[in-house]
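Note sheet for the following structure.
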Amino acid sequence: MIEIPKRRRRKFCCDLTLKECIECGSSLLLPLMLGVFTIVITLHQTNVAGQQRIEDRQIAKEERQQDLNISAQQRLDDRKQAEEQRQLDKKNFSRSIQIK
253 MIEIPKRRRR KFCCDLTLKE CIECGSSLLL PLMLGVFTIV ITLHQTNVAG QQRIEDRQIA
313 KEERQQDLNI SAQQRLDDRK QAEEQRQLDK KNFSRSIQIK
């Protein structure tokens, strides 16, 4: 009887066959991909949060400036109104003195 030689199992890395290496790699692939995905998402969220903080600061700065402008204009309007009222009071006072 003629013996058929058995296929030689070629060893690759760390005494593992090609099939065993592929199985090991595929079992590590999903956790590795999840880890990379988590890191990428975390970095992206950090960048987005940083950009949002910058935008919030800019908006707050613009609102403060707008409030300052509004209050300055209000003070000018109040001064003008007070001056007009003083002028009117002076006229009324001088009229009341002349009438007596």
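Each residue of the sequence shown is one higher than the one before, starting from 253 at the first, in this note's numbering. The beta-carbon is built from N, C-alpha and C at its ideal position, and this holds for glycine as well. Remember, predicted model here, so these are calculated numbers, not experimental data.
For residue i, the first and last residue of its enclosing alpha helix (DSSP H)
i	result
THR298	270-351
Chain-order list of residues whose beta-carbon lies under 8 Å from that of residue i (same chain, five-residue window excluded)
i	result
ASP267	none
CYS276	LEU268
Spatial neighbours of residue i in its chain, beta-carbon cut-off 7 Å, leaving aside the 5 residues before and after
i	result
ARG305	none
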